[in-house]
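Numbering (the numbering used here), first residue to last: 1060 to 1415.
Just so it is clear, CB atoms sit at the ideal spot from N, CA and C, and this is done for glycine as well.
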Amino acid sequence: MKRILITGLFLCTILVANAQENVLEKNKWSKEKASEWYAKHKWITGANFVPSTAINQLEMWQSSTFDPETIDRELGYAEGIGFNTMRVYLHSLAYKANPKDFKKNMETYLQIANKHGIKTMFVFFDDVWGKDPKIGKQPEPITGTHNSGWMQDPGDPASKNKENFPALEVYVKDILNTFANDNRILLWDLYNEPGNTDKFTSSMPLLKAIFTWAREVNPSQPLSAGLWRWDFQELNEFQAANSDILTYHHYDDEKKHQHVINLLKTHGRPMICTEYMARTNNSRFSNILPVLKKENIGAINWGLVNGKSNTIYAWNTPIEDGSEPIEWFHDIFRKDGTPYRQDEVDLIKKLNGVMK
């Protein structure tokens, strides 16, 4: 009897795994469909966006701190330099606290972005920075410290606990079903940097789960999860094999960046670089943006406006007195809309076709 039970459980596990694989394959875009979709869009350029008044995703989306006035003003800065896409992080805890208000705030955001001619790439889960997100009032920034209040979603060990998966499935499917045919949304970025913050392959179950949930909904927009660390072979293989549009992150100079581009071209899919531009790493607009333009790869840099996220400071180089660094790490504008560097803004505008 014991042997029969063990055999039965083993067979059930195989059946579940096979069913998951079938769902993932059934609705995945062909290379031809992906290329046709990409060809319909102007060159995709923009930034990762959180308003300057929000320290993290929760402060951005919770109704008590949702700030459409700042969002409107700062997306106006983006429009002014020809940006047409923003990559924006969601957070499952903000949804869980009040699903109706969360979706209402998403709709408000999309209306504002659309007014500025900007499409949105929403991000669901995230393995970077703070491990223990909590709903409610968010912490104040740590002076001079990069992203001191940014939070993982759903957190650690929350992302590894399969008991959390049913509620996360409800969240993901509700959002996807609500906006499945919304042409203001460019793409769904399902999981930011899976395996980061020492999670490694422990993120694989949730990564596989969210792709399965998203394929079951089958939205009109493409799905992706960006490659970011080249020695994470198991994660990379899954992400590349299951993304409709290939997305990736790269924060090194143009020679190393070009090498990565050449490797990723072998997949035969359109590409969007969803994170780049860290000046003191020699990833700059001046040397990276022309390469992405030449290669017809979408270009989404980190950071638009200097704010509570403190991303003008480098990842591991805090300035304790909060003085401005000699060279900003990320971001393009000060809060009043003044460019950090006019030559960078001129280049962005030129490549985006809004300035000769």
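Helix, strand or coil: how does DSSP classify residue i here?
| i | result |
| --- | --- |
| Ile1407 | helix |
| Arg1146 | strand |
| Met1263 | helix |
| Ser1283 | strand |
| Asn1301 | helix |
| Ile1331 | strand |
| His1389 | coil |
| Pro1158 | helix |
| Asp1248 | strand |
| Phe1270 | helix |
| Asn1115 | coil |
| Asp1233 | helix |
| Cys1071 | In this prediction, Cys1071 has a pLDDT of 49, which is less than 50 and means its spatial position is unreliable; nothing more can be read from the coordinates. |
| Val1182 | strand |
| Met1336 | coil |
| Ala1373 | coil |
| Ile1359 | strand |
| Tyr1168 | helix |
| His1308 | strand |
| Asn1321 | helix |
| Gly1254 | coil |
| Ala1153 | helix |
| Pro1200 | coil |
With a threshold of 7 Å on Cβ separation, who are the neighbours of residue i within its own chain once the five nearest residues in sequence on each side are excluded?
| i | result |
| --- | --- |
| Glu1317 | Contrary to the premise, residue 1317 reads as Gln rather than Glu in this sequence. Val1350. |
| Asp1131 | Ile1171 |
| Phe1161 | Trp1120, Ala1153, Tyr1154 |
| Gln1280 | Ile1244, Leu1245, Leu1246, Trp1247 |
| Ala1299 | Leu1286, Leu1305, His1326 |
| Asn1346 | Asp1312, Glu1313 |
Assuming residue i contacts residue j under a Cβ cut-off of 8 Å, what Cβ separation, rounded to an integer in Å, is found between them?
| i | j | result |
| --- | --- | --- |
| Asp1380 | Gly1203 | 7 Å |
| Ile1103 | Gly1357 | 3 Å |
| Ile1183 | Leu1245 | The residue you asked about is not Ile; residue 1183 is Phe in the sequence shown. No, Phe1183 and Leu1245 are not in contact; Cβ-Cβ is about 15 Å, not under 8 Å. |
| Ala1106 | Asn1369 | About 16 Å; that fails the 8 Å criterion. |
| Asn1143 | Gly1176 | 6 Å |
| Phe1297 | Leu1266 | 7 Å |
| Asn1115 | Arg1274 | Contact doesn't hold; Cβ gap of about 29 Å is too wide. |
| Ile1140 | Lys1408 | 5 Å |
| Leu1363 | Leu1406 | Their Cβ separation, rounded to whole angstroms, is 16 Å, which puts Leu1363 and Leu1406 out of contact at 8 Å. |
| Val1276 | Ala1226 | Rounded, the Cβ-Cβ distance is 16 Å, inconsistent with contact. |
| Pro1200 | Lys1367 | 5 Å |
Between the options, which lies nearest to residue i when the distance is taken from Cα to Cα?
| i | options | result |
| --- | --- | --- |
| Gly1327 | Lys1267, Ile1304, His1309 | Ile1304 |
| Asp1233 | Pro1158, Val1319, Ser1089, Glu1199 | Pro1158 |
| Tyr1335 | Met1119, Tyr1310, Pro1377, Leu1149 | Tyr1310 |
| Lys1353 | Asn1375, Asn1411, Gly1362 | Asn1411 |
| Thr1129 | Asn1365, Ile1194, Lys1193, Val1404 | Asn1365 |
| Leu1134 | Trp1120, Leu1152, Asn1173, Glu1199 | Asn1173 |
| Thr1260 | Thr1112, Tyr1230, Ser1218, Phe1224 | Ser1218 |
| Ala1093 | Ser1151, Met1165, Leu1282, Gly1139 | Leu1282 |
| Ala1373 | Leu1363, Pro1384, Lys1367 | Pro1384 |
| Ser1382 | Phe1108, Ile1371, Phe1392 | Ile1371 |
| Pro1278 | Thr1237, Met1263, Phe1297 | Thr1237 |
| Thr1112 | Lys1394, Ser1302, Lys1408 | Lys1394 |
| Lys1163 | Ala1137, Gly1141, Ser1122 | Ser1122 |
| Thr1256 | Arg1274, Gly1214, Phe1270 | Gly1214 |
| His1100 | Asn1375, Lys1085, Met1330 | Met1330 |
| Tyr1168 | Trp1188, Asp1186, Phe1125 | Phe1125 |
| Met1263 | Gly1362, Asp1185, Pro1377, Leu1235 | Asp1185 |
| Ser1302 | Glu1080, Trp1088, Leu1235, Glu1293 | Trp1088 |
| Thr1271 | Leu1235, Pro1192, Lys1315, Asn1220 | Leu1235 |
| Pro1216 | Val1187, Trp1096, Phe1181, Leu1083 | Val1187 |
When burial is assigned at 16 or more other CB atoms within 10 Å of the CB, is residue i buried or exposed?
| i | result |
| --- | --- |
| Gly1396 | exposed |
| Trp1209 | buried |
| Lys1258 | buried |
| Phe1069 | Per-residue confidence for Phe1069 stands at a pLDDT of 49, beneath the threshold of 50, marking its modelled position as unreliable; the derived number appears in the next sentence. Flag for Phe1069 reads exposed. |
| Glu1386 | exposed |
| Cys1071 | Reliability fails at Cys1071, whose pLDDT of 49 lies under 50, so the model's placement of it is uncertain and the value that follows must be treated cautiously. Looking at its Cβ environment, which holds fewer than 16 other Cβ atoms inside 10 Å, Cys1071 is exposed. |
| Glu1118 | buried |
| Gln1211 | buried |
| Val1109 | buried |
| Leu1322 | exposed |
| Ala1337 | buried |
Beta-carbon within less than 6 Å of residue i's beta-carbon, same chain only, minus the 5 sequence neighbours each way: which residues are those?
| i | result |
| --- | --- |
| Asp1241 | none |
| Met1341 | According to the sequence as given, residue 1341 is Asn; it is not Met. The answer, listed in chain order, is Asp1312. |
| Thr1179 | Met1145, Val1147, Ala1172, Ile1244 |
| Tyr1230 | Ser1151, Tyr1154 |
| Glu1403 | Phe1344 |
| Tyr1136 | Phe1392, Gly1396 |
| Asn1375 | none |
| Gly1254 | Ser1262, Phe1291, Leu1294 |
Grab me the residues of residue i's own chain with a C-beta within less than 8 Å of its C-beta, minus the 5 sequence neighbours each way, in chain order.
| i | result |
| --- | --- |
| Trp1289 | Asn1295, Val1319 |
| Phe1308 | Inspection of the sequence shows that residue 1308 is occupied by His rather than by Phe. Once the five neighbours on either side are set aside, the close Cβ partners of His1308 are Glu1252, Gly1285, Leu1286, Trp1287, Cys1332, Thr1333, Glu1334, Tyr1335. |
Would a check of beta-carbon distances place residue i closer than 8 Å to chain D?
| i | result |
| --- | --- |
| Ala1113 | Absent from the structure is chain D; it holds one protein chain and no more. |
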